[in-house]
Amino acid sequence: MGLILTLALFFLVGTSLATLLIYDNGLVSMVWGDWVIETSVSFLLVSLVALFVVIYFTIRLVSNLWNAPKFWRKNRRLTQYKKAETALAKGMVALEYGDWRKAEKELIKSAKQSEEGLIHYLSAAKMAHNQKAYKRRDRYLAQAREHYIDEYLTIGLVEARLLAESEPEQARTILEALHEQEPENATVLMELAHILRRLKDWNALGELFPKLKKTCAINKAEQAELETQLLSGKLALINNRAELEHLWSQLSSERRLMPSVLAEYVEKSLGWGQEKGLTELIERAIKKQWDDRLVYQYGRISELSALERLKVAEKWLKAQKDNPVLLLTLGRLACAAQLWGRGQNYLKESLKIRPEVETFHALAKCYEAEGNENQAALVYKEAILKLEDTQKPAIR
């Protein structure tokens with residue numbers, strides 16, 4: 282609309298001037314020293330317009346020639362960007378198809394020309410890692426650091442994740458360095474916690490845990506799981522009874538009933554012959570959450586009457602009737618209470634579900650305690666045959 286109005290205005294002005302010049306061309310005189318130049322107004326106007334056009338196009342020509350190299354470089358750069366984007370798209374497609382070699386090739390060939398070069402280098406490093414081409418992986422990561430110095434955090438996180446399984450100690454070193462530079466970074470804290478858990482360095486993880494909670498690096502469910510593993514790990518590392526009791530006394534009643542935490546405490550206590558209170562703790566924990574390891578340990582405790590514990594454990598059969606661990610515990614408790622037939626039946630049921638050498642041994646011991654040496658010998662023989670069968674190589 283604006284263009285139409287502008288053209289209409291020019292047309293109107295031009296028409297008006299043309300009409301005036303038809304009636305009177307006018308006279309223009311220019312005196313320069315002894316020179317006198319006379320011409321009509323219409324000729325002067327046409328000459329001025331022609332001069333303006335010549336000057337305008339001359340300036341445009343000179344300007345274009347001056348900027349030609351810059352324009353050529355810009356156009357070349359745009360072409361390179363377009364090719365890099367195409368290569369990135371092809372690489373991502375190859376990645377989706379699981380063709381890591383092709384994906385690596387497409388990603389790295391235009392990494393230097395791409396505006397998203399960091400993505401090219403890091404993705405290519407992942408593809409090389411998947412092919413176990415670790416030298417190429419390290420080269421791509423080094424190139425990323427060389428060209429993108431300010432992106433040290435992203436590059437470090439990717440490298441640590443790639444090294445987590447094969448070289449966890451190296452991954453830990455990288456993450457600890459990043460943590461020193463970015464102590465409040467939630468992603469770094471989370472990755473460092475995962476690698477410490479993999480390395481089972483519970484003391485270091487314990488020092489890091491308050492920061493994880495403060496920065497909300499992990500959600501509440503993950504926090505609870507990590508805290509459980511942390512406490513279990515700390516208990517497993519203790520080699521002193523006094524230290525065990527000291528740590529146990531610091532735990533709340535809720536934490537004491539966490540299955541994995543309680544299982545480690547029970548295991549340590551049984552090793553030192555300290556069984557007082559274990560039966561009650563296990564029974565309370567099982568009421569809250571079923572755990573096979575606690576049930577297994579329940580059958581190893583000699584505290585209190587085996588018959589009383591058998592009565593409690595038999596109530597668990599309603600919900601766990603086909604659980605081989607519970608049947609093993611019931612068999613042990615029944616045999617300890619001298620209920621030979623009931624104990625042997627429980628142990629045989631356990632063997633039907635999952636044959637284990639330990640269950641065979643418990644059954645044989647039950648027969649021996651009953652005085653049936655011949656039957657015990659047959660059970661031992663059956664256990665040996667079962668063990669030999671499991672060790673035979675598969676025929677292909």
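So the mapping is simple: the working numbering equals the position in the sequence shown, first residue as 1, plus 281.
Where is the CB? At the ideal position from N, CA and C, for every residue including glycine.
Around the beta-carbon of residue 401, 16 or more other beta-carbon atoms lie within 10 Å, marking it buried. Taking 8 Å as the cut-off, the beta carbon of residue 459 is found no closer than this to the beta carbon of residue 487.
DSSP, read as helix, strand or coil, puts residue 316 in strand. The alpha-carbon separation between residue 554 and residue 642 amounts to approximately 22 Å.
Three or more Cβ pairs closer than 8 Å define a contact, and the region 447-454 falls short of that threshold against the region 418-438. Distance from residue 628 to residue 647 at the Cβ level is roughly 7 Å; contact confirmed, criterion being Cβ atoms closer than 8 Å. The three-state secondary structure of residue 350, taken from DSSP, is helix. Closest option to residue 504, judged by alpha-carbon separation, among 485, 476, 414, 471: 471.
If you look at residue 627, you'll find it in the alpha helix (DSSP H) that goes 621-634. For residue 581, no alpha helix (DSSP H) encloses it, and the DSSP letter there is neither H nor E. Take residue 615, set aside five residues on each side of it, and the residues of its chain with a beta-carbon closer than 7 Å to its own are 591, 623, 624, 627, in chain order. Under the rule that a run must span 4 or more residues, the alpha helix (DSSP H) segments found entirely inside the region 444-519 read 449-462, 467-480, 483-496, 501-518. Excluding its 5 nearest sequence neighbours in each direction, residue 631 has C-beta neighbours in its own chain below 6 Å: 605, 608, 609, 640, listed in chain order. Of the residues 475, 653, 337, 461, the one whose Cα lies closest to the Cα of residue 499 is 475. Across the structure, residue 575 and residue 593 are spaced so that their CA atoms are roughly 14 Å apart. Inside the region 558-612, DSSP marks whole alpha helix (DSSP H) runs of 4 or more residues at positions 559-569, 573-579, 587-596, from first to last along the chain. Approximately 4 Å separates the beta-carbon atoms of residue 618 and residue 587; this is inside 8 Å, confirming the contact. Counting only residues of its own chain and dropping the five nearest sequence neighbours on each side, residue 638 has a CB closer than 8 Å to the CB of 664, 667, 668. DSSP places residue 549 in the helix class (H, G or I) of the three-state scheme. In the structure shown, residue 404 falls within a helical segment according to DSSP collapsed to helix, strand and coil. Here the alpha carbon of residue 417 sits roughly 22 Å from the alpha carbon of residue 431. Residue 463 and residue 344 have their C-alpha atoms some 50 Å from each other. In its own chain, leaving out the 5 sequence neighbours on each side, no residue places its CB closer than 6 Å to the CB of residue 497.
Within the same chain, and ignoring the five residues on either side of residue 467 in sequence, the residues whose Cβ sits closer than 8 Å to its Cβ are 496, 497, 498. For the set 549, 501, 335, the Cα lying nearest the Cα of residue 581 is the one of 549. When rounded, the separation of the alpha-carbon atoms in residue 520 and residue 532 is 18 Å. Here residue 595 has 611 as same chain residues with Cβ atoms under 7 Å from its own Cβ, once five neighbours each way along the sequence are excluded.
A contact is defined here as three or more CB-CB pairs under 8 Å, and the region 379-390 meets this definition with respect to the region 402-415. Just so you know, the alpha carbons of residue 529 and residue 479 end up roughly 24 Å apart.
Counting C-beta atoms within 10 angstroms of its own C-beta, residue 514 has 16 or more neighbours from the protein chains shown and is therefore classed as buried.
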